[in-house]
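>
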Amino acid sequence: MRRGIEGGSGLLDTVILEMRKRTLWTQVVWNVITALAFLAVVTPVFICVHDAISWRSSFFNDWEVSKARHPRLVDAINVTRLKDAEPEDLWYPPDYHGWKKCPTHLKSSSTLPEKSNGYLQVFLDGGLNQQRMGICDAVVIAKILNATLVLPHFDMNPVWRDPSIFADVFDVDHFLDYLKNDVHIVLELPGNLSWSSREYYATGVRVTRIKDAPSYSGHMWYIDRVLPILQTHGVAAIAPFTHRLGYEGLPPGIQQLRCRVNFEALRFVPKITNLGDLIIQRLHLNSLEYRVRESNVPRMRNRSSKFLALHLRFDKDMAAHSTCDFGGGVAERRSLAKYRQVMWQGGVPNIQYTKREIRNLGKCPLTPEEVAIMLAALGFDADTHLYLASYKVYGGEARMAHLRKLFPNLSNKFTLATAAELEPFKDKSSQLAALDYHVCLYSDAFISASRGNMHNALLGHRAYEHRGTTIKPDMVLLQQLFANSSFIEYEDFQDRVRVGHQNRMGQLTMRKEMQAIYTYPAPDCMCGPDPR
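Taking the UniProt record's numbering, I'd label the letters of the sequence shown as residues 1 to 532.
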């Protein structure tokens with residue numbers, strides 16, 4: 001009987017043990033299912049948060065293209081260079097036909113009204129050159145309104161996170177002294193108006209803030225809308241303030257004041273110009289050896305060396321925003337599409353066109369390879385020193401290798417300055433951009449690979465200063481030629497590039513209606529030839 005009981009007990013224990021195992025397994029399976037369900041819910045949220053916080057990080061991996069897109073042209077250039085010399089007139093300054101700075105524009109001798117109508121504040125976003133144009137517009141609006149301008153405020157860019165203020169980039173003392181007879185300017189508001197700040201306007205709707213200024217509006221808009229606020233409250237703040245003043249129908253002298261602010265009153269601080277001059281000297285001097293980052297010492301060639309500054313705007317922003325095809329295949333297209341979705345919710349102007357239409361319209365930025373081919377076609381030889389002014393290049397070294405192959409003497413601020421010299425510029429994107437601007441302004445030749453604020457600003461500034469060869473790429477012509485690079489003979493390609501750019505090498509162009517004086521300074525900012 002006991003054996004039966006014991007046998008039954010053993011069987012029962014076995015059954016219970018088996019049930020426990022099944023229960024435990026069920027719990028494990030259930031936990032796994034629960035975890036997977038949790039991840040399915042949380043992962044998209046994490047990705048969205050990650051996108052919102054660090055949408056410029058490595059989350060969007062670059063698709064690096066290692067093969068040249070135009071190998072026939074590159075091979076032909078290497079052969080042609082062996083027998084063709086660089087054109088003698090390639091570095092010659094263009095003929096400005098007597099146009100030059102006006103002596104009367106250098107400084108104003110006018111007197112200001114003793115009392116102004118109030119204080120004008122502007123909050124400037126965007127990059128260095130957008131802020132530069134905003135400063136010029138702010139000065140002339142203050143002049144029109146007889147307002148006292150508060151030194152313009154630089155908003156921190158959410159992308160670059162650069163805390164630089166006006167005084168970190170531009171020489172405040174020179175700015176104030178140069179404009180002292182044109183506009184009342186103060187460094188800050190008086191104590192009774194100190195409440196009018198960026199933080200104050202970020203917390204609600206304020207009657208003293210103007211946020212609906214139309215782009216390229218006429219000066220009467222400011223007289224009608226801003227002047228009453230100044231007269232009533234003693235202060236008016238305008239934000240946003242990018243491209244908010246037009247170029248036509250301005251009162252006499254206002255356009256010239258705008259010119260003088262841009263080309264004369266705005267000077268970079270000595271920290272920027274001193275290092276910029278040192279970089280230029282290192283590019284020019286022959287047989288110069290210098291230490292870079294305490295380890296690498298490049299050698300310049302044993303001759304006085306001219307250099308060409310290349311503004312290569314080919315970062316991921318530019319590549320994605322253009323919607324162009326850069327040869328990276330499906331992976332690249334998906335990566336850039338995802339980037340567009342996060343950055344601009346997919347809504348970019350070129351999205352309405354096909355890839356072929358975009359290129360035929362000249363709306364694609366030139367790749368490093370295409371810039372190199374164009375420069376070689378114009379006649380720049382392999383010994384040309386190129387100064388590269390750019391942010392991180394989309395595609396990395398794989399893309400840069402094609403440029404370096406045709407122009408091995410390639411340098412930038414990081415290879416031409418020591419770590420100690422660059423330390424004050426660390427994480428200061430506006431100051432680094434100003435350093436590039438200074439070197440590009442005083443280079444022997446300049447080219448920008450894409451249209452943009454830097455291109456526009458330097459095009460006008462170099463013309464105003466008679467700085468020499470400034471190449472303005474014919475994007476429509478070039479994109480059409482590159483689209484046929486598999487078929488066109490290099491001699492034909494070269495001829496068409498040279499003919500197409502005969503009048504795009506820095507020759508002075510008169511400003512047309514609606515065009516910016518910052519890009520086309522004549523006739524508004526310059527004086528024509530002596531009629532005698």
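Glycine is no exception: its CB is placed at the ideal position from the N, C-alpha and C atoms.
I'd like to confirm the pairing. Which residues does DSSP put opposite A445 in its beta bridges?
Paired residue(s): L308 and T469.
> Which stretch, first to last residue, makes up the beta strand (DSSP E) that contains F123?
Here the beta strand (DSSP E) through F123 covers Y119 to L124.
> Based on Cα-Cα distance, which residue from S390, T384, E513 and H438 lies nearest to K316?
Among S390, T384, E513 and H438, the Cα nearest to that of K316 is on S390.
> Where does A516 sit, in a helix, a strand or coil, going by DSSP?
It is coil, neither helix nor strand.
> Should H97 and P408 be called a contact, given that it needs their Cβ atoms to be closer than 8 Å?
Not closer than 8 Å, so no.
> Return helix, strand or coil for F154, following the three-state DSSP convention.
F154 falls in the strand class under three-state DSSP.
> Could you check the C-alpha separation between N192 and L403 for me, to the nearest Å?
Going from the Cα of N192 to the Cα of L403 covers about 58 Å.
> Once DSSP output is grouped into helix, strand and coil, what is the label at S430?
The answer is helix: DSSP assigns S430 an H, G or I state.
> So, at 8 Å on beta carbons, what are the nonlocal neighbours of D168 in its own chain, with the 5 sequence-adjacent residues on each side left out?
Contacts found: V269, K428, S430 and Q431.
> So what's S411 in DSSP terms, helix, strand or just coil?
S411: strand per DSSP, three-state reduction.
> Assuming the contact rule is C-beta atoms closer than 8 Å, L416 and L386 should be a hit. Round their C-beta distance to whole Å, please.
No, L416 and L386 are not in contact; Cβ-Cβ is about 12 Å, not under 8 Å.
> Give the range of the alpha helix (DSSP H) segment to which I165 is assigned.
No alpha helix (DSSP H) holds I165; DSSP gives it neither H nor E.
> Assign L145 to one of two classes, buried (16 or more other C-beta atoms within 10 Å of its C-beta) or exposed (fewer than that).
L145 comes out buried.
> Within a Cβ cutoff of 7 Å, which residues of the same chain sit near F493, ignoring the five residues on either side of it in sequence?
These residues qualify, in order along the chain: L73, A377 and L481.
> Cα separation between Y437 and E264?
Cα-Cα distance, rounded: 15 Å.
> For A76 and D125, what's the separation of their Cα atoms in angstroms?
Cα-Cα distance, rounded: 46 Å.
> Quick one: Cα of P94 to Cα of D177, how far?
When rounded, the distance between both Cα atoms is 34 Å.
> Helix, strand or coil for P270 per DSSP?
DSSP places P270 in helix when its eight states are reduced to three.
> From the DSSP secondary-structure annotation, give me the bridge partner or partners of K100.
According to DSSP, which records beta bridges pairwise, K100 is partnered with C527.
> From I280 to L435, what distance separates their C-alpha atoms?
Using only the alpha carbons, I get a separation of about 11 Å.
> Use the C-beta contact count for A449: other C-beta atoms within 10 angstroms, 16 or more gives buried, fewer gives exposed.
Buried is the call here.
> Is it the case that the segment 451-462 contacts the segment 500-518, given that we only count it when at least three CB pairs across the two stretches are under 8 Å?
Flag = yes, the segment 500-518 and the segment 451-462 touch.
> Could you tell me the alpha carbon to alpha carbon distance between I471 and R359, rounded to whole angstroms?
I471 and R359: Cα-Cα distance of roughly 20 Å.
> Are the C-beta of F170 and some C-beta of chain B separated by less than 8 Å?
Considering every chain present, this structure includes no chain B. It has just one protein chain.
> Give a yes or no on contact between the segment 326-345 and the segment 76-86, applying the rule of three or more CB pairs nearer than 8 Å.
No: fewer than three Cβ pairs fall under 8 Å.
> Count the other C-beta atoms from every protein chain shown that fall within 10 angstroms of the C-beta of Y222, then say buried if there are 16 or more, exposed otherwise.
Y222 comes out buried.
> Throw me the rounded Cβ distance for the E369 and A68 pair, which I believe falls under 8 Å.
Contact holds; Cβ gap of about 6 Å.
> Please report how far the alpha carbon of L227 lies from the alpha carbon of N117, in whole angstroms.
Approximately 8 Å, taken between the alpha carbons.
> Rounded to whole angstroms, what's the CA-CA distance from residue 535 to R313? Just pull it up for me.
One cannot answer for residue 535 here, as it falls past the ends of the chain, which runs 1 to 532.
> For the alpha helix (DSSP H) that L145 lies in, which residues bound it at each end?
L145 -> alpha helix (DSSP H) spans L128 to L145.
> By how many angstroms is the C-alpha of Q130 removed from the C-alpha of P152?
The alpha-carbon atoms of P152 and Q130 are separated by roughly 13 Å.
> Does I5 come out as helix, strand or coil in the three-state DSSP assignment?
Note that I5 scores 42 on pLDDT, short of 50, meaning its location in the model is unreliable and no value can be drawn from it.
> Using alpha carbons as the reference points, say which of L230, D173 and W99 lies closest to Q121.
Cα-wise, what sits closest to Q121 is L230.
> Quick one: grab the DSSP three-state call for V207.
Here V207 sits in coil by DSSP.
> Applying the criterion that 16 or more other CB atoms from any shown protein chain within 10 Å of the CB defines a buried residue, is K180 buried or exposed?
Exposed, by the Cβ-count rule.
> Quick check on M514: buried or exposed, where buried means 16 or more other Cβ atoms within 10 Å of its Cβ?
Answer is exposed; the Cβ neighbour count stays below 16.
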